[in-house]
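What follows is a single structure, written as structure tokens, with notes after it.
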Amino acid sequence: MTVTSDPGFSRSEMMIVAAARALEGQHVCFVGVGLPNIAVNLAQRTVAPSLEMVYEAGVFGARPSRLPLSIGDPTIVTGSTAVVSMLELFGYYLQGGLIDVGFLGAAQIDRFGNINTTVIGDYEHPRTRLPGSGGACEIAINARQVFVIMRQSKRSFVESIDFRTSPGNLGGAEQAERIRREGGWLGRGPSIVVTDLGIYRFDDDGEMRLDSLHPGATLDGVRETIGWEIRVADSLAATPPPSAGELRLVREELDPGGVYTR
Amino acid sequence: MTVTSDPGFSRSEMMIVAAARALEGQHVCFVGVGLPNIAVNLAQRTVAPSLEMVYEAGVFGARPSRLPLSIGDPTIVTGSTAVVSMLELFGYYLQGGLIDVGFLGAAQIDRFGNINTTVIGDYEHPRTRLPGSGGACEIAINARQVFVIMRQSKRSFVESIDFRTSPGNLGGAEQAERIRREGGWLGRGPSIVVTDLGIYRFDDDGEMRLDSLHPGATLDGVRETIGWEIRVADSLAATPPPSAGELRLVREELDPGGVYTR
Amino acid sequence: MTAPKVASMRDAIADLVRDGDTVAIEGFTHLIGFSAGHEIIRQRRRDLTLARLTPDLVYDQMIAGGVASKLIFSWLGNPGVGGLGAIRRRIEGEIRDQPLALEEYSHFGMVGRYTAGAMNLPFFPLRSYFETDLPVANPLIRPVESPYSDERIYAVPPLKPDVAIVHAQRASAAGDTQVWGLLGCQKEVAFAADRVIVVVEELVEDEVVRSDPNRTIIPGLIVDAVVLEPWGAHPSYVQGAYDRDNRFYLDWDPITRDEDAIQAWLEEWVYGVADRAEYMAKLGAERMASLRPSAAAPSGSVDYGAYR
Amino acid sequence: MTAPKVASMRDAIADLVRDGDTVAIEGFTHLIGFSAGHEIIRQRRRDLTLARLTPDLVYDQMIAGGVASKLIFSWLGNPGVGGLGAIRRRIEGEIRDQPLALEEYSHFGMVGRYTAGAMNLPFFPLRSYFETDLPVANPLIRPVESPYSDERIYAVPPLKPDVAIVHAQRASAAGDTQVWGLLGCQKEVAFAADRVIVVVEELVEDEVVRSDPNRTIIPGLIVDAVVLEPWGAHPSYVQGAYDRDNRFYLDWDPITRDEDAIQAWLEEWVYGVADRAEYMAKLGAERMASLRPSAAAPSGSVDYGAYR
Numbered sequence: 001m002t003v004t005s006d007p008g009f010s011r012s013e014m015m016i017v018a019a020a021r022a023l024e025g026q027h028v029c030f031v032g033v034g035l036p037n038i039a040v041n042l043a044q045r046t047v048a049p050s051l052e053m054v055y056e057a058g059v060f061g062a063r064p065s066r067l068p069l070s071i072g073d074p075t076i077v078t079g080s081t082a083v084v085s086m087l088e089l090f091g092y093y094l095q096g097g098l099i100d101v102g103f104l105g106a107a108q109i110d111r112f113g114n115i116n117t118t119v120i121g122d123y124e125h126p127r128t129r130l131p132g133s134g135g136a137c138e139i140a141i142n143a144r145q146v147f148v149i150m151r152q153s154k155r156s157f158v159e160s161i162d163f164r165t166s167p168g169n170l171g172g173a174e175q176a177e178r179i180r181r182e183g184g185w186l187g188r189g190p191s192i193v194v195t196d197l198g199i200y201r202f203d204d205d206g207e208m209r210l211d212s213l214h215p216g217a218t219l220d221g222v223r224e225t226i227g228w229e230i231r232v233a234d235s236l237a238a239t240p241p242p243s244a245g246e247l248r249l250v251r252e253e254l255d256p257g258g259v260y261t262r
Numbered sequence: 001m002t003v004t005s006d007p008g009f010s011r012s013e014m015m016i017v018a019a020a021r022a023l024e025g026q027h028v029c030f031v032g033v034g035l036p037n038i039a040v041n042l043a044q045r046t047v048a049p050s051l052e053m054v055y056e057a058g059v060f061g062a063r064p065s066r067l068p069l070s071i072g073d074p075t076i077v078t079g080s081t082a083v084v085s086m087l088e089l090f091g092y093y094l095q096g097g098l099i100d101v102g103f104l105g106a107a108q109i110d111r112f113g114n115i116n117t118t119v120i121g122d123y124e125h126p127r128t129r130l131p132g133s134g135g136a137c138e139i140a141i142n143a144r145q146v147f148v149i150m151r152q153s154k155r156s157f158v159e160s161i162d163f164r165t166s167p168g169n170l171g172g173a174e175q176a177e178r179i180r181r182e183g184g185w186l187g188r189g190p191s192i193v194v195t196d197l198g199i200y201r202f203d204d205d206g207e208m209r210l211d212s213l214h215p216g217a218t219l220d221g222v223r224e225t226i227g228w229e230i231r232v233a234d235s236l237a238a239t240p241p242p243s244a245g246e247l248r249l250v251r252e253e254l255d256p257g258g259v260y261t262r
Numbered sequence: 001m002t003a004p005k006v007a008s009m010r011d012a013i014a015d016l017v018r019d020g021d022t023v024a025i026e027g028f029t030h031l032i033g034f035s036a037g038h039e040i041i042r043q044r045r046r047d048l049t050l051a052r053l054t055p056d057l058v059y060d061q062m063i064a065g066g067v068a069s070k071l072i073f074s075w076l077g078n079p080g081v082g083g084l085g086a087i088r089r090r091i092e093g094e095i096r097d098q099p100l101a102l103e104e105y106s107h108f109g110m111v112g113r114y115t116a117g118a119m120n121l122p123f124f125p126l127r128s129y130f131e132t133d134l135p136v137a138n139p140l141i142r143p144v145e146s147p148y149s150d151e152r153i154y155a156v157p158p159l160k161p162d163v164a165i166v167h168a169q170r171a172s173a174a175g176d177t178q179v180w181g182l183l184g185c186q187k188e189v190a191f192a193a194d195r196v197i198v199v200v201e202e203l204v205e206d207e208v209v210r211s212d213p214n215r216t217i218i219p220g221l222i223v224d225a226v227v228l229e230p231w232g233a234h235p236s237y238v239q240g241a242y243d244r245d246n247r248f249y250l251d252w253d254p255i256t257r258d259e260d261a262i263q264a265w266l267e268e269w270v271y272g273v274a275d276r277a278e279y280m281a282k283l284g285a286e287r288m289a290s291l292r293p294s295a296a297a298p299s300g301s302v303d304y305g306a307y308r
Numbered sequence: 001m002t003a004p005k006v007a008s009m010r011d012a013i014a015d016l017v018r019d020g021d022t023v024a025i026e027g028f029t030h031l032i033g034f035s036a037g038h039e040i041i042r043q044r045r046r047d048l049t050l051a052r053l054t055p056d057l058v059y060d061q062m063i064a065g066g067v068a069s070k071l072i073f074s075w076l077g078n079p080g081v082g083g084l085g086a087i088r089r090r091i092e093g094e095i096r097d098q099p100l101a102l103e104e105y106s107h108f109g110m111v112g113r114y115t116a117g118a119m120n121l122p123f124f125p126l127r128s129y130f131e132t133d134l135p136v137a138n139p140l141i142r143p144v145e146s147p148y149s150d151e152r153i154y155a156v157p158p159l160k161p162d163v164a165i166v167h168a169q170r171a172s173a174a175g176d177t178q179v180w181g182l183l184g185c186q187k188e189v190a191f192a193a194d195r196v197i198v199v200v201e202e203l204v205e206d207e208v209v210r211s212d213p214n215r216t217i218i219p220g221l222i223v224d225a226v227v228l229e230p231w232g233a234h235p236s237y238v239q240g241a242y243d244r245d246n247r248f249y250l251d252w253d254p255i256t257r258d259e260d261a262i263q264a265w266l267e268e269w270v271y272g273v274a275d276r277a278e279y280m281a282k283l284g285a286e287r288m289a290s291l292r293p294s295a296a297a298p299s300g301s302v303d304y305g306a307y308r
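Protein chains in written order, with the numbering used here: chain A, 1 to 262; chain B, 1 to 262; chain C, 1 to 308; chain D, 1 to 308.
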């Protein structure tokens, strides 16, 4: 594996395409703000044409004719199957157990897939104030499984997150499974993390494991951008590069302005 | 006060007209099934033209073009201000404190205005199984005040009700006020009872008092149909008889079939 | 986007309603699923727990038909007319070989139970029941402590029926369902239930639903069968389609007072017809015509706008 | 049937918003009441507690304008673009003379707070918050015991704002208000609030509302003022009327990063204009035209039927 000079696509494009592919076979997906938004919209146009997109703003079965500008946009309403109050969306759809995949972004993630989107530093006197939970904490608890999409760096893949906004595998699978079972959580927690360098899944003990390396990325590059000693799958795969069709959809239809892919 | 042979109206008509008049000055009224339905519809056409009728079926601001056949009827929907789920009707409108008057019927009532619409006899082995609460128990607790309309008899005006479906002044005003205050109840409880013989209000100690006698009714007749020694107001009034206009509305517009007035 | 789920009433009931199930046929005065109730009688289901705010004639008929051993409810009567004799005879002990257990709430309590079921909550809090005998009659109505004060209020437990049956004006073949007029707790009971049967006056293209997504109350996602059965709510009503058949409700009063009369009625109008189409043919075109609205009352159209 | 409540934005804010109030301008991405926020800045209200799921640009502007001392929220950002600098500088301590207290929830927690307020409940139960640091950061998020099992879930307390400001497509002069497209928690916040201001794109006759009562989200009963102010939600959007002005959101990013730039922006676009009409004239007809939907997308009409 060597770094090629110009693979013909950006790391962000590879990340979005890989995340979209992970949705193959999924039925109902809760779409988060930012990168999840473009990944899920790409999936609906490629591997998962019957994917039902749920937006926390109150939309089930969105059929946007352009990439929504945020998680609330008039294009996710027009032509959708159902528009409901947020009380019903969070109560009946999410907490009621109808969401197969919750798709989250993260500012910090730890080896067990616990997520911070609240603050960097101390909560009362933060170095950086981040957006906060939004719907993420309840998605992490109630969606049947959680996909994470984020760029990786030593600042984002950390030994210890500064604030636990959204629970993942807590301190490990044994503890997480017990707590999720005893608490009657519907969700099994995080199942995949897609970054600009690779694809991660979780070992039986709940710890993250590199499963696939994107074209151009190296194991050394991955290790340099993770704040703990990352596990690597015995049979480390190579992520197939984006197809011409996938790239065309991202560049021409979904993100012609390059907002997500710059 | 003597019984005239033919006053030109029935006792039921007098009861309905008296109940309607009691709504003068009221703004938002929760309409119950049966007699309250015709009384409130009459009030909106006479003393309270701006009365907002709320039906537990989920209607605010009904403008029925005929007398609704029950508490749910397509005529209360067409042309109304708002139609909402029953969760919202009971949660936001009633429990939220927006109802000025809850209008209830009763099978049994005691001297403190506590109401039974559940069973005659023992609950597990009833002599007569009645409809039950419906929305009555929550109306009695949450409506700002409660009006009762019912025919009186020894079986209905009783020393002790067989089942407390809807709380009134409990064991007396002192106890009722304390419990309503401590429990954060919005409602002050029953304020008027209109029967086929007279109009009752409540003394400061929470006990029912005959305030007005309908034309043709006598004090003896009242006492014969009440299971306790009824208090009588010092200045007992005579209920003015139904006007020609009121009778015309009841007979021609609201109840041409005589369902409520027979 | 879901696969079509259109089924006949016979198949929907045969596939989805099982002996011993908890079944909720909802619809508050509006959209009551009579035709589904009749098919359950015809298929001789037994030992059902029937849940419904207002048992109404439909449960009087079903209980006369012997399908149920328990009733969960909040108001028991023939609204505006009188009582429900088949049910009362079993409660009051006149018919002893078909006991009927009761679990009784208020309307808001029933709505709260379905809502807790739909939201996967262990309880629904409400301010009802204080100083009433209802929590004595039904020990499932329990106090709950607020974590913010010494205030105590009451709670009801979630109700998650095995099957919810919902009548509606229209749905797509995938089960995306729209209702206007009284909504009752059709949405809550559907989300609370394990299996959902939607019965509609009209089957419409997906695009009709998508042209007005705010009117959708139930997504096909949670629907197991869509049954096209116009007039399936008779003698109750469907806003804009037909009126409540009040004559039927009045006529029911003498029938329900007499167990023989009610059994004869079932023989004629339920066992004696194959399906709702035959029932309506028997009722006759004249009766149907008399129940049509006196005029149209269009909602008017609003613009969602296309955003490309 | 209520008396007309039509008022100018100036009068509505002057009459109904007081220093020290808790004010909720809701609208989830859709129908955000920017023009009301600007009028509050112009009238130099002080010491407000601002509640809103997504503070968005409107609260960034208001907090830069010095109106607030506390923020109750669940997601803080410029959605799809970046951060809210005026708010962050006050949280992160860069601007020390205008401290901003925070009270933080998740989206469902905020929705639950409004719902408990609307329903007059002492708490709203939900399954969020387990094993997160949110209950540590905010001790008002508390466990509550189920009376049906040893299950514990979390609760949030009711939020009853002094004033709720809701933007909508249309209302009658009496305040009966209709919305289509995203509903957010406009209904819940209005029922929870003590005073309600509705701002609409269009004032319609009572009969228009009554022709489609299922679309009414707020009855005039709880409305104190109706303000007719087309484009009052710009730069957010109104389904069917205008699109989100994404250029505005992008342009905000460099402005919000610089306290001087944001104050200059307020000088020009808030203090420098008398009202929304002047703001829109300044924005220009071309910009407005570019935000119109690309085509109509009519809902179609349904029939409620007349029943006489």
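Just so you know, even glycine gets a beta-carbon here, dropped at the ideal spot from N, CA and C.
A residue is called buried once 16 or more other Cβ atoms fall within 10 Å of its Cβ, and D11 (chain C), having fewer, is exposed. R248 (chain B) is classed as exposed because its beta carbon has fewer than 16 other beta carbons within 10 Å across all chains shown. Close to I222 (chain C), with beta-carbon spacing below 8 Å, are these residues of chain A in chain order: L98.
In this structure, DSSP gives D11 (chain D) a helical state, which the three-state scheme calls helix.
Of all alpha-carbon atoms in C:A296, C:L31, C:F191 and C:Y242, the one lying nearest the alpha-carbon of A285 (chain C) is that of C:Y242.
Remark: C-beta atoms of A190 (chain C) and V199 (chain C) do not approach each other more closely than 8 Å.
For E182 (chain B), the enclosing alpha helix (DSSP H) has its first and last residue at A173 to E182. Counting C-beta pairs closer than 8 Å gives three or more between the region 157-166 of chain D and the region 16-34 of chain D, which meets the contact rule. Residues of chain D whose Cβ lies closer than 9 Å to the Cβ of Q95 (chain A) are, in chain order, F108, L126, R127 and S128. The alpha carbon of G257 (chain A) has as its nearest neighbour, out of A:R66, A:V54, A:G58 and A:H27, the alpha carbon of A:R66. Collapsing the DSSP output to three states places Q239 (chain D) in coil.
Using a 10 angstroms sphere on the CB of V111 (chain C), the tally of other CB atoms reaches 16 or more, which defines it as buried. In the structure shown, R292 (chain C) falls within a coil segment according to DSSP collapsed to helix, strand and coil. Put simply, the backbone Cα of D47 (chain D) is about 9 Å away from that of R18 (chain D). V223 (chain D) and D194 (chain D) have their C-alpha atoms roughly 9 Å apart. Scanning chain C for C-beta atoms nearer than 7 Å to the C-beta of P74 (chain A) yields G305 and Y307, reported in chain order.
Y279 (chain C) sits in a helix when the DSSP states are folded into three classes.
Sequence-distant partners of A7 (chain C) (beyond 5 residues in either direction) whose C-beta falls short of 8 Å from its own C-beta, in its chain, are D15, A225, V226 and V227. Between E88 (chain B) and T115 (chain C), the alpha-carbon positions lie close to 11 Å from each other.
Contact note: V209 (chain D) reaches chain B through T81, using a C-beta cutoff of 7 Å and chain order.
In the structure shown, G121 (chain A) adopts extended strand secondary structure according to DSSP, grouped into three states. Neighbours of E151 (chain C) in chain D, taken as residues whose beta carbon is under 8 Å from its own, are P122 in chain order. Ranked by Cα distance from P240 (chain A), the first of A:G216, A:I115, A:K154 and A:N114 is A:G216. Residue state for A233 (chain C) is assigned as coil, using DSSP reduced to three classes. Per DSSP, reduced to three states, the secondary structure at H30 (chain C) is strand.
Ranked by Cα distance from G135 (chain A), the options A:L104, A:F147 and A:R129 are led by A:L104.
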